[in-house]
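The structure appears below as structure tokens.
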Amino acid sequence: MLEQRRLKFSLLLLMALPLAAETKVFRHFTLIDGGGGDPVSDAAMIVNGGRIEWVGISSQLKAPKGAESIDLTGKFVMPGIINLHGHVGNVVDMTQDPKFFTRENVEKNLKTYASYGVTTVLSMGTDQDLIFQIRDEQRKTGRPAMTRVYTAGRGFTAKGGYGGLAGVTFALADNSEVDKDIAELRKQKVDIVKIWVDDHLGTMKKMPLDMSKAIIDSSHKHGLPIAAHIFYLQDAKDLTVAGVNGLAHSVRDKLIDRQLIDSMKAHGTWQIAATLTREASMFVYGETPKFADDPFFTRGVSPKVIATLKDPAYQKKTAADKDFAEYPGFLENAKRNLKSLVDAGVRYGFGTDSGPPGRFPGFFEQWEMELMVSAGLTPSQVIGAATKNSAEFLGARDLGTLEPRKWADMIVLDKNPLADIRNTRTIRAVYIAGNPITR
219 MLEQRRLKFS LLLLMALPLA AETKVFRHFT LIDGGGGDPV SDAAMIVNGG
269 RIEWVGISSQ LKAPKGAESI DLTGKFVMPG IINLHGHVGN VVDMTQDPKF
319 FTRENVEKNL KTYASYGVTT VLSMGTDQDL IFQIRDEQRK TGRPAMTRVY
369 TAGRGFTAKG GYGGLAGVTF ALADNSEVDK DIAELRKQKV DIVKIWVDDH
419 LGTMKKMPLD MSKAIIDSSH KHGLPIAAHI FYLQDAKDLT VAGVNGLAHS
469 VRDKLIDRQL IDSMKAHGTW QIAATLTREA SMFVYGETPK FADDPFFTRG
519 VSPKVIATLK DPAYQKKTAA DKDFAEYPGF LENAKRNLKS LVDAGVRYGF
569 GTDSGPPGRF PGFFEQWEME LMVSAGLTPS QVIGAATKNS AEFLGARDLG
619 TLEPRKWADM IVLDKNPLAD IRNTRTIRAV YIAGNPITR
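The sequence shown begins at 219 in my numbering and counts up by one.
Now the structure itself:
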């Protein structure tokens, strides 16, 4: 009997104490906190229950007894990357089909994102109802074992028009169903509403402006932010005045002007994603891309994908696109327009449009950062866009920077990304809510 009482007391004591594995102490790294300040040498961090409890200089560290100690001497630690424009679950290899939207495939995408240091993704308008179950399971604990997912649920296109995913997105013939559809999304607690406003270089119907306005107005009436896929400068101007919260792509048909810049600043409109890699993907497969043999890329895709990218027939088909010669110019416009917006003080985030065929989750976010630097942004600006800024747009107050009370979503790097943005690829470990993810 006495032995049973002792055992019971021991069990109660263990239940009352925090588990040692739940408290981690990271030591002797260089901290890049995502806030844009100077890096902190010989930093330390205490993570308890997945959240940052303390961060500072190693010499000031007071490590809790029994905590797990992790020595990161010579390493660099930055917040996890937040992608504000992705699409999950609809692609296998190089084929897109709504039938692929299964838990297995969605989670495969989220695990791939995580392995590349992308710890949060906003899926933009091509999701089925399963996404809400996965998202809500994650948020119940706040400590998923894969990338955190935010979602627009089902986005909006004009019936017979460009954009979205057939059979999934709302395809509107007129404005009569707008408020009902938005109310449905509000009931599902979508994180944002998505519309496509484009005519695919004049080959498809574009959503009319009055329809866009109706969706924007209804979204705001229901307390939901809204982002728009755009291509043309005039559409960006019209939608900004109409009250859209964010542009999900750069303007690509021409260089932006002062009118758009002033309007975005006046209306608080974000350039939430430049999607430079999306533009590059439109022409890079006209030949074997340089990254096709890069182990950093190949580890995230199937052998079938690599074989397709190296297939001369696939390359010939890609290059046969009637607008193929125009695509490099669209990328250059996107880069110059991003730089102009940033220099002018327009709010900006980070996103890639990864997920569809040929736009590879994880790798594209890493490539996007490189292209943003080639557009004239500094590595610090790019890291800030992909962390602090993107969290602010999402309204995710416990993500985006490495400071007390926030989730310990972070990447451990072998080299300094502020010296060379490609060093974000030197991933030693990725943590989501303080737990290392399997890579």
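Don't be surprised by glycine CBs; every beta carbon is placed ideally from N, CA and C.
Between the CA atoms of residue j and residue i - distance to the nearest angstrom
i, j, result
"Ala445", "Asn463", "6 Å"
"Ala484", "Glu497", "28 Å"
"Lys407", "Pro316", "22 Å"
"Ser481", "Leu457", "10 Å"
"Ile250", "Lys377", "46 Å"
"Met429", "Asp311", "35 Å"
"Tyr331", "Leu340", "12 Å"
"Met590", "Ile288", "33 Å"
"Gly304", "Ser572", "5 Å"
"Val519", "Arg404", "35 Å"
"Gly652", "Ile275", "19 Å"
"Leu549", "Gly504", "15 Å"
"Thr495", "Thr570", "6 Å"
"Asn551", "Pro282", "53 Å"
"Leu383", "Leu390", "13 Å"
"Ser437", "Lys534", "43 Å"
"Arg321", "Leu302", "21 Å"
"Leu631", "Ile655", "14 Å"
"Gly580", "Met500", "18 Å"
"Gly252", "Ser333", "19 Å"
"Gly343", "Gln351", "16 Å"
"Phe578", "Gln314", "13 Å"
6 Å Cβ shell around residue i - same chain, five flanking residues per side excluded
i, result
"Asp345", "Thr369, Gly371"
"Asn323", "Gly307"
"Val258", "Leu249"
"Ala562", "Ile479"
"Leu279", "Ala262"
"Phe318", "Asn308, Val310"
"Met219", "Its pLDDT being 38, under 50, Met219 is placed unreliably by the model, and the measurement read from it follows with that caveat. So the list is empty, once near-sequence residues are dropped."
"Thr241", "Asn266, Pro282, Ala285"
"Asp399", "Phe388"
Spatial neighbours of residue i in its chain, beta-carbon cut-off 8 Å, leaving aside the 5 residues before and after
i, result
"Ser558", "Leu473, Ile474, Ile479"
"Ala238", "Summary for Ala238: the model assigns pLDDT 41, below 50, so the residue's position carries little reliability, and this model does not support an answer."
"Thr291", "Arg245, His246, Phe247"
"Val564", "Ile479, Met482, Lys483, Thr487, Trp488, Gln489"
"Lys633", "Phe294, Asn641, Thr644"
"Val600", "Phe568, Met587, Met590, Val591, Ile639"
"Lys326", "none"
"Tyr566", "Trp488, Gln489, Ile490, Ala492, Leu556, Leu559, Val560, Ala603, Asn607"
"Thr203", "With the chain covering 219 to 657 only, the question about residue 203 has no answer from this structure."
"Asn393", "Asp428, Met429, Ala432"
Nearest residue (CA-CA) to residue i, options the options
i, options, result
"Leu595", "Pro257, Asn555, Tyr649, Thr536", "Asn555"
"Arg470", "Pro282, Ala491, Thr656", "Ala491"
"Glu286", "Gly298, Asn266, Asp311", "Asn266"
"Gly486", "Ala460, Met500, Leu494", "Ala460"
"Val411", "Val396, Lys423, Lys424", "Val396"
"Ala604", "His418, Asp627, Phe578", "Asp627"
"Ala196", "Val560, Asn393, Arg623, Phe578", "The structure shown does not extend to residue 196, since the chain spans only 219 to 657, so no value can be given for it."
"Pro362", "Trp625, Val630, Phe449, Ala432", "Trp625"
"Pro297", "Tyr649, Lys326, Lys455", "Tyr649"
"Gly420", "Tyr566, Met500, Asp541, Asp354", "Asp541"
"His440", "Ala401, Asp347, Arg577, Gln452", "Ala401"
"Leu328", "Thr536, Met364, Phe578", "Met364"
"Trp585", "Ser277, Lys508, Asp539, Asp435", "Lys508"
"Gly254", "His467, Thr619, Ile300", "Thr619"
"Phe582", "Pro443, His418, Lys242, Val502", "Val502"
"Asp347", "Gly385, Ala538, Arg646", "Gly385"
"Thr536", "Phe514, Thr241, Pro443, Gly576", "Gly576"
"Pro443", "His467, Leu451, Ile413, Gln351", "Ile413"
"Thr338", "Thr313, Gln314, Ile300", "Ile300"
8 Å contact criterion, which residue i and residue j should meet: CB distance rounded
i, j, result
"Val367", "Ile349", "7 Å"
"Thr387", "Phe374", "7 Å"
"Glu621", "Val273", "6 Å"
"Leu612", "Asp409", "7 Å"
"Pro721", "Leu636", "An answer regarding residue 721 cannot be provided, because it is not within the stretch 219 to 657 covered by the chain."
"Arg623", "Arg353", "Incorrect: roughly 22 Å between the Cβ atoms, too far for contact."
"Gly381", "Asp435", "The pair is not a contact, with the Cβ atoms about 20 Å apart (cut-off 8 Å)."
7 Å Cβ shell around residue i - same chain, five flanking residues per side excluded
i, result
"Leu230", "Confidence at Leu230 is low in this model, with a pLDDT of 40, below 50, so its placement is unreliable and no value can be given for it."
"Gly379", "Met422, Lys423, Lys424, Met425"
"Gln356", "Pro362, Arg366, Val367"
"Ile524", "Ala510, Thr516"
"Ser454", "One detail in the question is off: residue 454 reads as Ala in this sequence, not Ser. Excluding positions up to five away in sequence, the list reads Ile448, Leu465, Val469, Leu478."
Closer than 8 Å: residue i CB and nearest the ligand ADP heavy atom
i, result
"Asp260", "As far as ligands go, the structure on display features none, and thus does not contain the ligand ADP."
Contiguous alpha helix (DSSP H) assignments of at least 4 residues, all confined to the segment 572-600 | 581-592
Kindly provide the ranges of any alpha helix (DSSP H) runs that are 4 or more residues long and lie completely inside the segment 267-330, ordered along the chain.
-> none
Return the chain-ordered ranges of every alpha helix (DSSP H) run that is complete within the segment 441-494 and spans a minimum of 4 residues.
-> 451-460, 476-485
Mind listing, in chain order, the continuous beta strand (DSSP E) runs of no fewer than 3 residues lying wholly within the segment 349-385?
-> 366-369, 374-376
Segments of 4+ residues assigned as alpha helix (DSSP H) that fall wholly inside the segment 492-520 | 494-499, 513-516
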